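What follows is one structure encoded as structure tokens, with my remarks underneath.
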Amino acid sequence: MEQLYLVRHAETDWNAERRLQGHADRPLSVRGREQAVALGAFLGGVQFNTVISSDLRRTRDTAALAGYGGGRTDSSWREFDVGRWSGRMVGDIIAQEGDSYARWRSGHFAPPDGESWAAFEKRIRGGLSLLETSPGKILLVTHSGVIRGILKILLGMAPGELAAVGHGSVTVIATGRSPEVISYDLRPEMGSECVGD
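To convert, count from 1 in the sequence shown and add 217; that's the numbering used here.
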């Protein structure tokens, strides 16, 4: 692969309510559907050699509404499994389990019945190894945690060092011997152009 376009899925109802989703299969909100359509215009019909998304509905619907439906799906690209935190309000978790939440965000804690960062990273590495032989530009519609995980693996950044990416945002990485970020967290509503080549 030459370039990896990482797209975070558009907003869901739980995102709007600030609930953790993890593997919960939530649909896009009305705003999320609008974001996905705007994403398609933002990408401007970029031709991708490979289009892939996680198997969760929010990523598949984002890809389809952006005009990139029909790509393959792979559970390797699912969001971090947050276990019993799924569906809980972030503010409630912070209020009740603040230290655990902070340690999880920095990559040093597994939520109750959830995935460890080591297992999550192993899953992402497996997915990346399958993409290495794909030519050209790859569009990966996935989740915020996966994008953070990919940046950790490719650039050696710690999870806590990475700023969150917005819903329907685009991050482009030039791959190769020394991967580099070409653009980070670009969103149609920012009025910027999608930068890739």
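Beta carbons are placed, not taken as given, at the ideal position from N, Cα and C, and that holds for glycine.
None of these values were measured; they are calculated from a predicted model.
Annotation for residue 397: the continuous beta strand (DSSP E) segment containing it runs 397-403. Per the Cβ contact rule, the segment 295-303 is in contact with the segment 318-335 (3 or more Cβ pairs under 8 Å).
Residue environment: residue 232 is assigned as buried (16 or more neighbouring CB atoms within 10 Å of its CB, all protein chains considered). For residue 276, the uninterrupted alpha helix (DSSP H) run begins and ends at 274-282, by DSSP.
A check of alpha carbon separations from residue 346 across 384, 393, 309 identifies 393 as the nearest. Rounded to the nearest angstrom, the Cβ distance from residue 358 to residue 270 is 4 Å, consistent with a contact under 8 Å.
Of all C-beta pairs linking the segment 249-267 to the segment 313-322, fewer than three are shorter than 8 Å, placing the two stretches out of contact. Minimum Cα-Cα distance from residue 339 among the listed residues 239, 316, 372, 367 corresponds to 367.
With fewer than 16 other beta carbons inside 10 angstroms of its own, residue 309 counts as exposed. Taking C-beta atoms as the reference points, residue 266 and residue 353 count as a pair closer than 8 Å. Distance from the CA atom of residue 235 to the CA atom of residue 218, rounded to whole angstroms, is 34 Å.
The shortest CA-to-CA distance from residue 334 to any of 388, 297, 260 is the one to 297. Annotated three-state conformation of residue 307 is helix, per DSSP. At a Cβ-Cβ threshold of 8 Å, residue 225 and residue 341 do not count as neighbours. DSSP places residue 270 within a strand segment (E or B) once states are collapsed to three.
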